[in-house]
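*Asks:* Quick note on full-length UniProt numbering: the sequence shown kicks off at 1 and runs consecutively.
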Amino acid sequence: MKNVERTIKSDKVYQGKIINLRIDTVELPDQKYSKREIIEHPGAVAVVPIAEDNKIVMVKQFRKAVEDCLLEVPAGKLEIGEEPLDCAKRELLEETGYKSDNLEYLFKFYTSPGFCNEEISVFVAKDLIKDVAQPDEDEYIEIEKYGIDELVEKISKEEIKDAKTITCILYIKNLLK
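In structure tokens, the structure reads:
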């Protein structure tokens with residue numbers, strides 16, 4: 001592609017626990033200059049846990065950024081040096097109280113590439129074994145189970161608005177055809 005931007009300068013503006021923010025000065029294809037605000041994210045995983053009754057185990061939690069409780073697939077950020085599969089197993093147990101040795105990688109996607117480099121690796125988990133949830137000390141999570149058609153209906157009614165969850169559920173629905 002010819003329309004590539006060349007980074008001239010990159011300044012770290014903020015370094016946080018989960019994200020960093022940098023401002024890049026870029027040269028555009030027409031030799032003009034512009035600034036890009038970039039959120040750096042370590043990456044994350046999302047897990048679609050399918051129980052024996054073919055119901056999908058979902059988590060409901062308050063999300064401060066949107067001031068609402070959202071119904072989501074279990075997910076979480078990668079720790080430094082952590083492999084996505086290990087992160088998926090960890091997040092599945094932490095958030096739902098289920099374990100599985102049958103996790104299959106499905107695909108990965110960028111969440112919002114216009115300003116963020118976050119990439120989510122998606123797994124499906126089967127043969128779930130009930131254990132004890134181990135949420136982070138600042139996480140308050142409710143567990144709910146739904147059939148795939150119920151979840152698709154919730155998407156169409158805008159009862160599910162989380163992009164990763166919509167992506168995962170519609171992908172799984174397509175797989176189950």
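All C-beta atoms, glycine included, are put in the ideal place defined by N, C-alpha and C.
(1) Alpha carbon to alpha carbon, what distance is there between residue 38 and residue 24?
(2) Report, in whole angstroms, the separation of the C-beta atoms of residue 75 and residue 57, which I expect to be a contact under 8 Å.
(3) Going by DSSP, which residues form a beta bridge with residue 119?
(4) For residue 108 and residue 88, what's the separation of their Cα atoms in angstroms?
(5) Helix, strand or coil, according to DSSP, for residue 77 in the structure here?
(6) For residue 1, which of 10, 17, 19 and 28 has the nearest alpha-carbon?
(7) Do you know offhand how far residue 6's Cα is from residue 163's?
(8) Which same chain residues end up closer than 6 Å to residue 154 when comparing Cβ atoms and leaving out the 5 residues on each side of it in sequence?
(9) Let me know the secondary structure DSSP gives residue 18 once reduced to three states.
*Replies:* So, from the data block:
(1) Looking up residue 24 in the sequence shown gives position 24. Looking up residue 38 in the sequence shown gives position 38. Going from the Cα of residue 24 to the Cα of residue 38 covers about 7 Å.
(2) By one-based count along the sequence shown, residue 75 stands at place 75. By one-based count along the sequence shown, residue 57 stands at place 57. The pair is not a contact, with the Cβ atoms about 12 Å apart (cut-off 8 Å).
(3) Position 119 of the sequence shown holds residue 119. Partner(s): 110.
(4) Taking the sequence shown and counting its residues from 1, the one referred to as residue 108 is at position 108. Taking the sequence shown and counting its residues from 1, the one referred to as residue 88 is at position 88. Using only the alpha carbons, I get a separation of about 13 Å.
(5) If you number the sequence shown from 1, residue 77 lands on position 77. Strand, per DSSP.
(6) Here residue 1 corresponds to residue number 1 of the sequence shown, with the count starting at 1. Taking only the C-alpha atoms, the option nearest residue 1 is 28.
(7) Taking the first residue of the sequence shown as position 1, residue 6 is located at position 6. Taking the first residue of the sequence shown as position 1, residue 163 is located at position 163. Straight-line Cα distance between these residues: approximately 30 Å.
(8) Within the sequence shown, residue 154 is the residue found at index 154, counting from 1. Here the set comprises 160.
(9) By 1-based counting over the sequence shown, the position of residue 18 is 18. In this structure, residue 18 counts as coil in the three-state DSSP scheme.
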